Structures are given as C-alpha cells and as structure tokens.
Amino acid sequence: MECQICGGSGWIVEESGGVSKAVRCRCQFERFSKEFLRSSSIPARYRNCKFSNFYPETETQLRALKACKEFFYQFPFVDRGILLYGNPGTGKTHLAVALLRNVIKYKGLRGVFCDFRNLLIELKSTFGTGESETEILENVMRAPLLVLDDVGAERGTEWAKDKLATIINYRYANNLPTIITTNLRFDVPTGESFSSRFDERTESRIYEMCTIIKVEGHDRRRKARL
C-alpha cells in the first residue's frame, strides 16, 4: 500500500525561507528503523526491554536510568558512552537494550548489540575454516552505536584480552559511542575487578570514553522465579 503522504516516492517537498527542498518522508524513516531493529542482533529475550518497564529499586538504578535516558536524548551528539557495572540481575542489560532500541526506533539510526562471550565463540568458529574473523569484528567495531554486553563473563585469556582491546581501541580512535555492561568491579582492585582481567591501556581508554556507573540491587531474575 502506497504512502498517502509521498505517494510511494519516499520523498516530500518542504518550504523553508522561500526555498524548496526534498526531505525523506516519515514512511522511509519507519522503514529504516524496522530494518535497523532486525539487523541490530538484539536477542529475543530482550526485545521488550524499555525505559518504561524498568522500575528502579535503588538510587544507583535510578541514576543509571537517568544517564541512559539523557544519552538517548542527546545522541548522536554525545562525547562519551556509558559503562554499567554491578552484580548479575540488576538491570544493566535491560537499560542498555532500552537505550539501543530507542536510538534505532525514534532516531532512525543504526546500532548493534553484541554479547562479548558469544562474539568470542563466533570468532573461534572461524579457526581452520578459511573464513576471516575480520568481517565479524568490523560489524562490531564500526557500528555507529555499540552495546557490548557482559564483558568479563568469558574465561580470561590473552586472546580474549586482545579482542576486547581491538574493539575498544578502534572505537576510541574513531569517537564511536559505546555502551558496556559487566559484572566486573571498577570500584575496588579485587580478583573480580576489571583491572585484574584486562590490560591497563584498555581500562584507561574505557575510563576516558565512558561514564562509569555502578548499578546495585537485588537479582531481578532470581526474584522473578520466586
């Protein structure tokens, strides 16, 4: 069915200051948004994650919600990404996906969700096959907005460190905003801290390119099962 506004051309003419200019019709914006959502790699489990159905129970959850909303309002004119860290089940992924969905749906811009552990598994699957891991990595590295989820959940190896460094270095150098979630700690230098698992340069660049927010609260997934 043809759009009643543009007649199916995808363009409309607007007058501004006595000058006519062609701009994309709203129907094209909606089409691109749907295509970008399909190609965003957001897992089915998280497709209903929204700001409106995130109910903060702690001050840190409220702060994280406000920061993600503010990022969305300002995107793409943002200087820094966001890193959410804390125990499992506190809503970090929910907020990251809600932000990504909003950017795609309401701003018509492309973004990618990437579970870091699954990315490593996908890269390993190319070993000995002749398939290049470069194409897989480039889709992540070059995304206008990237959600890098659950960093540190994988087994710590030098190879995993190198892959994270490759992604972070590229996005740092090209000023590409990144949303990171992790269970690793940033507030204390323990065995479960980010600094104990990844190299100092990667951590330093994350501090420079992201606002670091601790998210505390009860495990929502465990609570939902009770």
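Position one of the sequence shown corresponds to residue 353 (the numbering used here), numbered consecutively onward. We put the CB at the ideal spot given by N, CA and C, even for glycine. This structure is a prediction, so every number in the text was calculated from the model and none was measured.
Residue 453 and residue 431 have their C-alpha atoms roughly 20 Å apart.
Taking 8 Å as the cut-off, the beta carbon of residue 569 is found closer than this to the beta carbon of residue 410. Here residue 355 has 377, 379 as same chain residues with Cβ atoms under 7 Å from its own Cβ, once five neighbours each way along the sequence are excluded. The criterion of a C-beta distance shorter than 8 Å is satisfied by residue 535 and residue 439. Bounds of the alpha helix (DSSP H) holding residue 518 are 510-525.
With contacts defined by Cβ atoms closer than 8 Å, residue 394 and residue 563 do not form a contacting pair. Within the model, the alpha-carbon separation for residue 457 versus residue 383 is close to 10 Å.
Here the alpha carbon of residue 532 sits roughly 24 Å from the alpha carbon of residue 387. In this structure, the straight-line span from the alpha carbon of residue 497 to that of residue 555 is close to 19 Å. Across the structure, residue 559 and residue 527 are spaced so that their CA atoms are roughly 14 Å apart. Burial check for residue 492: the Cβ neighbour count within 10 Å reaches 16 or more, so the residue is buried. Ranked by Cα distance from residue 443, the first of 501, 506, 392 is 501. Contact check for residue 546 against residue 537 passes: the beta carbons are separated by less than 8 Å. The shortest C-alpha to C-alpha distance from residue 400 to any of 471, 359, 445 is the one to 445.
Note that the region 414-425 does not touch the region 472-485; fewer than 3 beta-carbon pairs, one per stretch, sit closer than 8 Å. For residue 536, the secondary structure class from DSSP, reduced to helix, strand or coil, is coil. The beta-bridge partner set that DSSP reports for residue 562 consists of 433.
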